Each structure stands twice: as C-alpha cells, then as structure tokens.
Amino acid sequence: MPEAFIPFIDEMASAALSGRKTMTSRTRRYGRPGDTFRIEGRRFRLISVRKECLVAVAYLYYEAEGFDSPQAFIDCWNMLHPRRRYRHDQMVWVHRFRMLPEEDPETIAEEVSERGPFWPGQEHPYEGPLFEEVLHE
659 MPEAFIPFID EMASAALSGR KTMTSRTRRY GRPGDTFRIE GRRFRLISVR
709 KECLVAVAYL YYEAEGFDSP QAFIDCWNML HPRRRYRHDQ MVWVHRFRML
759 PEEDPETIAE EVSERGPFWP GQEHPYEGPL FEEVLHE
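All letters in the sequence shown, in the order written, are residues 659 to 795 by my numbering.
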C-alpha cells in the first residue's frame, strides 16, 4: 500500500499519538483506505476515507477529531482555514485511521523468514506449471 503524507499541527499530532485523535477532516483527499502515513515516525493506516458535511464532523465526530467540544473543533478549523472559515454546509474528506503497532525489526525479520520473500498467495517463481515443464524436459 502507498504511504500518504498528511500534515498535522503539533497539537493534533500529539492527540493522534496519544490515541485521542482517530480521524482528520480535510478539504481534499489525502489517501485511500489501506494507505499508511507517519506522524513523528509512528505509522498509521487509513481505515476509511469518505465525504461528509462539516457540520456532522463538528457536532458528531469532534471527539474522534481529538477535541473536547464542537466549538473547539470549529475554532481550530477557523485557525487553519482563515479565509474560508467554518461553513456548516461545506463538504470535506473525512479520513479515519488507526495507529499501527511499533515496528520491531526482529518481528519483521521473523515474518519475512516464515513466508519467504513472497506474499501469501503469490506463486514462488520456481514452482508451478512453467517450472514443472522445464524440470521434466
């Protein structure tokens, strides 16, 4: 899966790293479900990306955005978007995400050695009908 770049202000980066923020709303799409991104070196995976009305984000999802109240979300939105500001009818891209477990080099090496250099379901280049024909000629 591709790695996306999603910028965060320090306060929101801290909220995501602590687990308080599991969603970010943007004026454009920053990735697709399954894509990963990093905040201060930690990997996150996008779970869903969809369009929502900004009023729904402010009043229904403010906690997932890392805020204590709808007004706190609106204030931050206005600070980040000083020209356009908060409009309740604006459509935005809602990116839901989760933090991935820390990458442990030993665990990664173990997983690779167990499956070999190929992904599950991927045919090994020296197995299968083509190789059988060459082997038995």
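Note that beta-carbon positions come from the ideal geometry of N, C-alpha and C, so glycine has one too.
None of these values were measured; they are calculated from a predicted model.
The secondary-structure analysis by DSSP pairs leucine 704 across a beta bridge with Phe755. Here arginine 678 is near glycine 724, since their CB atoms are less than 7 Å apart. Taking valine 713 as reference, the option from Thr694, Pro691 and Val750 with the minimal CA-CA separation is Val750. Between the segment 719-738 and the segment 688-708 there are fewer than three C-beta pairs closer than 8 Å, too few to call the two in contact. Here the alpha carbons of cysteine 734 and glutamate 760 stand approximately 29 Å from one another. Rounded to whole angstroms, histidine 746 and glutamate 661 show a C-alpha spacing of 31 Å.
DSSP places isoleucine 732 inside the alpha helix (DSSP H), whose first and last residues are 728-738. DSSP places glutamate 661 within a strand segment (E or B) once states are collapsed to three. Where tyrosine 688 is concerned, there is no enclosing alpha helix (DSSP H), because DSSP gives it neither an H nor an E. Under the three-state reduction of DSSP output, glutamate 669 falls in the helix class. Apart from the 5 residues on each side of it in sequence, leucine 758 sits with its Cβ closer than 8 Å to the Cβ of Thr694, Arg700, Arg701, Phe702 and Arg703 in its chain, given in chain order. When Gly692, Met670, His739 and Val715 are compared, the shortest CA-CA separation from valine 752 is found for Val715.
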